[in-house]
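So the structure is just underneath, and the comments pick up after that.
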């Protein structure tokens, strides 16, 4: 999600409904005429389906979930007055209208310089928004059926570089899970005191993925055959021991 205060543009037509339908009908005529008599038949049906899905999205009632102004001021305040906070609130609203997966981004963590000041500002957005999301889901009895994953692509170096920054570091970093299917209050893995190396229960990405899939009731080692005949295994790892809630 982006900032709900800046909605997705062009989700409604500037034409009257009747004229809009006439134009779509005209598009069908053009596509049919284009396909006639050609050696290689144009796949008009696929294009019509694409246009139909786009129009369905443009007129979907789910778009109203992005309008966080409908929420009480007390709720909006809990999430914080930031783009990320509003996006988290919109994410909660989206899950309530049937959206099954929502991604929210908070950019700016690539702190090769001036790390401390930058992270302080980022945390000022992250902390209230994430806490507000967890509290709000719990109040609505939806936390147990909603998984929250907070993660980046890698960690930062334990040592500060000459320009006050922290560089890329894949050897030890944190990921947070909350909500459905996972146990709360559990810490898995440990680095040495300097944060340089793994010393206990390292968690490969494949194992994290297997844990998430299991918590959602998905067979993590299933082999999936794609439309082009390629076989893909969901995960070649195993669920992290002690992280799943009872019953998973």
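Residue numbers (my numbering): 2 to 249.
Backbone N, C-alpha and C fix where the C-beta goes; we use that ideal spot for every residue, glycine too.
With a cutoff of 8 Å on beta-carbon distance, residue 173 and residue 147 are scored as not near each other. The segment 49-105 contains, as complete alpha helix (DSSP H) runs of 4+ residues, the segments 74-80 and 84-97 (chain order). Nearest C-alpha to residue 189 among 181, 195 and 175: 175. The segment 133-141 and the segment 86-103 touch, with three or more beta-carbon pairs separated by less than 8 Å. Buried is the label assigned to residue 85, since at least 16 other Cβ atoms lie within 10 Å of its Cβ. Here the alpha carbon of residue 33 sits roughly 37 Å from the alpha carbon of residue 67. By DSSP's assignment, residue 242 forms no beta bridge with any residue. Bridge partners of residue 199 according to DSSP: 192. If the five residues before and after residue 103 are omitted, its C-beta is found closer than 7 Å to the C-beta atoms of 2, 92, 95 and 96, all from its own chain and listed in chain order. Taking the Cα positions, residue 223 is about 12 Å away from residue 239.
Of the candidates 52, 157 and 110, the residue whose Cα lies closest to the Cα of residue 170 is 157. About 4 Å separates the CB atoms of residue 138 and residue 144; that is less than 8 Å, so the two are in contact. Counted as a single uninterrupted DSSP element, the alpha helix (DSSP H) harbouring residue 132 occupies residues 116-140. Under DSSP, the beta-bridge partners assigned to residue 149 are 179. Cα atoms of residue 127 and residue 23: separation of roughly 47 Å, rounded to the nearest angstrom. Going by beta carbons, residue 241 and residue 198 fall outside the 8 Å limit. Here residue 233 is bridged, per DSSP, to 225. Under the 10 Å beta carbon count, residue 243 is surrounded by fewer than 16 other beta carbons and is classified as exposed. For the pair residue 232 and residue 160, the Cα-to-Cα distance works out to about 42 Å. Rounded to whole angstroms, the Cβ separation of residue 245 and residue 184 is 7 Å, and the two are in contact under 8 Å. Exclusion of the five residues before and after residue 216 leaves 148, 181, 182, 183, 245 and 249 as the residues of its chain whose Cβ lies within less than 7 Å of its Cβ.
For residue 172, there is no enclosing alpha helix (DSSP H), as DSSP marks it with neither H nor E. Here the C-alpha atom of residue 167 lies approximately 6 Å from the C-alpha atom of residue 116.
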